[in-house]
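Report on one structure; see the data block that follows.
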Amino acid sequence: MAFINTKTKEVQVKLVFVGPGRGGKTTNLEYIFKRIRHRIESDMVSIKTQGDRTLFFDFLPFELGAIKDYNVKTQLYTVPGQIKYNATRKLVLKGVDGIVFVADSLVDRRESNINSLNNLKDNLRFYDIDIADIPIVFQYNKRDLATEGMPILDVETLEKDLNARLNAPSFTASALKGDNVIPTVKKAISKTVVAIRKKLL
Amino acid sequence: MSYILDQEQLDGLEEALTTDLMTLGIQSVILIDMAGNVIVNLDDGKVRHDVYSLAALAAGNFGAVSAMASIIGEEEFSLLFHKGKSENINFTKIMDDFLLVSIFGNDVSLGYLRLKIDEVIEKIKGLINRLQSS
Ligand SMILES: Nc1nc2c(ncn2[C@@H]2O[C@H](COP(=O)(O)OP(=O)(O)OP(=O)(O)O)[C@@H](O)[C@H]2O)c(=O)[nH]1
Ligand SMILES: [Mg+2]
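Chains as they are written, first to last, in this note's numbering: chain R, 95 to 295; chain G, 6 to 139.
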C-alpha cells in the first residue's frame, strides 16, 4: 500500500523479497546494505534465529532518487522462507507493493521453488491480490555454484516452472558475490513505481 | 494499491498531534500505516530515532500481537504498551489500517496520555476518512 505524501513530495513503497528457505533473500539485502551503508543513516534490521535463519523479517530502507519531483523511498523486506513460518511471512506481506521472487538454482531445490511460489499466491490472495496484478521480478540465484561443479537448473527450466504464466522480468544472479543484485532491485522498484505512477501525474 | 494524503490533511494531522500530544512533553509521536509506512513523524528536537526501522518493527509487532490474539480467541488486545527504565512506548490502533506510536518518559502520566490519545484519534479519523484511495 504505497503512501504518497504530497507535502514532503515523497512516495513510500514496500518491496518484499520472497522465496524458498535458504534461497538467498537475506543475502540479497546484506549485499545491498553493504553497497549503500555509507549514505544511509539506518541500520539493517534482522529478526532471525540463532542459526541466522529469518524468523520474522529483514528490513532495509533504500532510496532510488526522484521520479517526477517525488522522492521514492523504498522499504525492502525479506520474509522467512521456511514453510513453518507462514504466520509471520503473511504479516510481512501486508501492504506489499512489489515482489522480488528469489529462486534457488540448485537442482534439488526445484520443488521448493514451486511450492514457495504457490504459497505466495495463497498469501497474496489472503490480501485480495492476484499475483498477476502485482509487480514482480524473478531472480535465479546462486548461479556461481555452477563454477564449483554443483548441479544447477538451467534458466529455461526455471522460467518454465515459475514464470511461464507471469512472464515477468527475470535475472540470473549471485547474491553472495553481488552479481545482478542491484539490477534486480532496481527493476522491481521501477516496475512498482510505474504501477502507481499515474497517481503522481 | 496506494493512497494519497494532501497537504491540508497532513497539516491537520501534524497540528492535532502537536497540540494534543507533543505539548504534554512526550518525546516523539509517529503515525504509521500497517504496511510500515511513516505518515507523520514528530519529535521534541532532542532525540533522533531511526523512524523507518521503528515503523517497520512497530507494524510487525502490532501484526504479531493481533495474530496471537486471534489464536487464543481474542479479537484484539486493547493495551499495547512497553515499559522501559526511562522511556516507554505505547501503540494505539486507528481504524484498521493505521497505528499511532507514542514514545514518552516517566514524567508523563500514562493515564492522562491515554486520555489525550483518545481525543486526538477522533480528530485523526476525521482527517483520514476523506482519504483518496485506490
Ligand atoms: N553460493 C552461493 N550461496 C549463496 C548465495 N546466496 C545465498 N547463499 C547462501 O545460502 C545460505 C542461505 O542464505 P540466506 O540469504 O540466509 O537465505 P534466506 O532466503 O534468507 O533464508 P531464510 O531466511 O531461511 O528464508 C547462506 O549460507 C548464504 O551464504 C549465492 O548466490 N551463492
Ligand atoms: Mg533470510
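Positions of the beta carbon are idealized from the N, C-alpha and C atoms, including for glycine.
Measure the Cβ-Cβ separation of residue i and residue j and say whether it is below 8 Å.
i, j, result
"T278/R", "A267/R", "yes"
"L260/R", "L200/R", "no"
"L154/R", "V166/R", "no"
"V45/G", "S33/G", "no"
"D11/G", "T100/R", "yes"
"Y57/G", "V43/G", "yes"
"T121/R", "A269/R", "yes"
"V231/R", "S264/R", "yes"
"R129/R", "I276/R", "yes"
"E92/G", "I108/G", "yes"
"G192/R", "K285/R", "yes"
"A262/R", "A72/G", "no"
"V107/R", "T168/R", "yes"
"V186/R", "G65/G", "yes"
"M95/R", "D38/G", "yes"
"V125/G", "L22/G", "yes"
"L170/R", "F156/R", "yes"
"I246/R", "R237/R", "yes"
"L256/R", "I208/R", "yes"
"L190/R", "N235/R", "The residue you asked about is not Leu; residue 190/R is Val in the sequence shown. No, these two residues do not count as a Cβ contact at 8 Å."
If you draw a straight line from the alpha carbon of residue i to that of residue j, how long is it in whole angstroms?
i, j, result
"K119/R", "D25/G", "42 Å"
"Q233/R", "Y221/R", "24 Å"
"R119/G", "I99/G", "13 Å"
"Y5/G", "A40/G", "The displayed coordinates of chain G run from 6 to 139. Any statement about residue 5/G would go beyond what the structure contains."
"D102/G", "K215/R", "22 Å"
"R183/R", "N217/R", "8 Å"
"D16/G", "F96/G", "22 Å"
"A60/G", "I35/G", "8 Å"
"I98/R", "G50/G", "25 Å"
"V194/R", "A282/R", "7 Å"
"F127/R", "S140/R", "12 Å"
"K188/R", "Y117/G", "32 Å"
"D152/R", "I94/G", "22 Å"
"E127/G", "I133/G", "10 Å"
"T28/G", "E81/G", "30 Å"
"L104/G", "L84/G", "13 Å"
"V106/G", "I161/R", "30 Å"
"F86/G", "I129/G", "20 Å"
"E135/R", "D55/G", "8 Å"
"K280/R", "K90/G", "42 Å"
"G145/R", "G68/G", "24 Å"
"K271/R", "L18/G", "45 Å"
"D123/G", "L62/G", "23 Å"
"I31/G", "E79/G", "31 Å"
"D273/R", "L211/R", "23 Å"
How should residue i be labelled, buried or exposed, when 16 other C-beta atoms within 10 angstroms of its C-beta is the threshold for buried?
i, result
"D313/R", "Because chain R in this structure spans residues 95 to 295, residue 313/R falls outside the shown range and cannot be described."
"E124/R", "buried"
"T148/R", "buried"
"A258/R", "exposed"
"R133/R", "exposed"
"S75/G", "exposed"
"K121/G", "buried"
"D163/R", "exposed"
"S206/R", "buried"
"S114/G", "exposed"
"R219/R", "exposed"
"R203/R", "buried"
"M138/R", "buried"
"D248/R", "exposed"
"D198/R", "buried"
Please confirm if residue i has its CB atom under 8 Å from at least one CB of chain A.
i, result
"K280/R", "Reference to chain A is not applicable here, since the protein chains of this structure are R and G."
For ligand 4, is there any heavy atom lying closer than 7 Å to the beta carbon of residue i?
i, result
"D152/R", "Annotation note on ligand 4: not contained in the displayed structure, which lists ligand 1 and ligand 2 as its ligands."
Contact between the segment 110-130 of chain R and the segment 169-178 of chain R: three or more CB pairs below 8 Å? yes
Whole runs of the alpha helix (DSSP H) within the segment 154-203 of chain R, excluding any shorter than 4 residues: 180-186
Residue ranges of each beta strand (DSSP E) run of no fewer than 3 residues wholly in the segment 102-158 of chain R, ordered along the chain? 104-112 and 139-142
Within the segment 23-80 of chain G, ranges of the alpha helix (DSSP H) (whole runs, at least 4 residues): 56-76
At what residue ranges does the segment 80-110 of chain G contain a whole run of the beta strand (DSSP E), taking only runs of 3 or more? 85-88, 92-99 and 103-110
Quick check for students: name the residue ranges of the beta strand (DSSP E) that lie wholly in the segment 220-251 of chain R, counting only runs of 3 or more. 230-235
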